[in-house]
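Each position in the sequence shown, counted from 1, maps to that position plus 859 in my numbering.
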Amino acid sequence: MNEWAFTLCMACVLAGGLELLMPRKEYEKSIKVVVALYILVTVLQPVRVAFSDWDSLWPSEQTDTVDFSGYRARLEQQALEEQLEQALAAQGLDGQIQVETGPPLTVTARGCTEPERAETALRQVLGEGEEIEIKAEGPSNGT
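Printed below as a string of structure tokens:
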């Protein structure tokens, strides 16, 4: 409260000083309006502060949010795996696709009877890129 009173007194002193320094009478009305508005804003400043605190008491935004980014990333990964398995099947190749996201994107085809052909087919679907790593592995012997 003391700070507000000091600010109000300083605003009045500043307003009086500005009025004394203005030489022309033709601008007197407009200067008085500006000075009056300045003092009014200074007087109403505690009200503005009170209303700004009012918003913090009852937040209008919902703060409970759920992060679905992991779920969405897993769905995209599964969709890519299915698409690549379909691309292999379309070329008469079998194999199970495993995708690991992140730089680089790693695509592994396991259990392929023709790993070289499977790797070429996957490269055609995904394209060339430094951020894509493709591996094709033959069937495991069970050892």
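C-beta: ideal position from N, C-alpha, C; glycine also.
Since the model is a prediction, treat every value here as computed from it, not as a measurement.
Check whether residue i and residue j have beta carbons under 8 Å apart
i	j	result
Gln-955	Gly-970	yes
Pro-974	Glu-959	no
Leu-874	Val-906	Correcting the residue identity first, residue 874 is Ala in this sequence and not Leu. No. Outside cutoff.
Ile-890	Leu-877	yes
Leu-1071	Leu-981	Examination of residue 1071 is not possible in this model, given that the chain is present from 860 through 1002 alone.
Asp-953	Thr-972	yes
Same chain only: Cβ atoms within 7 Å of residue i, ignoring 5 sequence neighbours per side
i	result
Thr-901	Thr-866, Leu-867 and Ala-870
Thr-979	none
Distance, residue j Cα to residue i Cα
i	j	result
Leu-879	Val-908	32 Å
Ile-993	Arg-933	19 Å
Glu-990	Thr-924	32 Å
Val-892	Arg-883	15 Å
Ala-948	Arg-931	26 Å
Gln-945	Gly-961	23 Å
Ser-999	Glu-941	22 Å
Ile-898	Ser-928	51 Å
Close-in-space but distant-in-sequence residues of the same chain around residue i (CB under 6 Å, 5 per side omitted)
i	result
Gln-957	Thr-967
Contacting residues, own chain, Cβ-Cβ under 8 Å from residue i (five flanking each side not counted)
i	result
Ala-977	Leu-947, Leu-952, Gly-954, Ala-968, Cys-971 and Ala-995
Pro-963	Glu-989, Glu-990, Ile-991 and Glu-992
Exercise. List in chain order: all unbroken alpha helix (DSSP H) runs of 4+ residues lying wholly within the stretch 930-992.
Key: Qualifying alpha helix (DSSP H) stretches, in chain order: 974-985.
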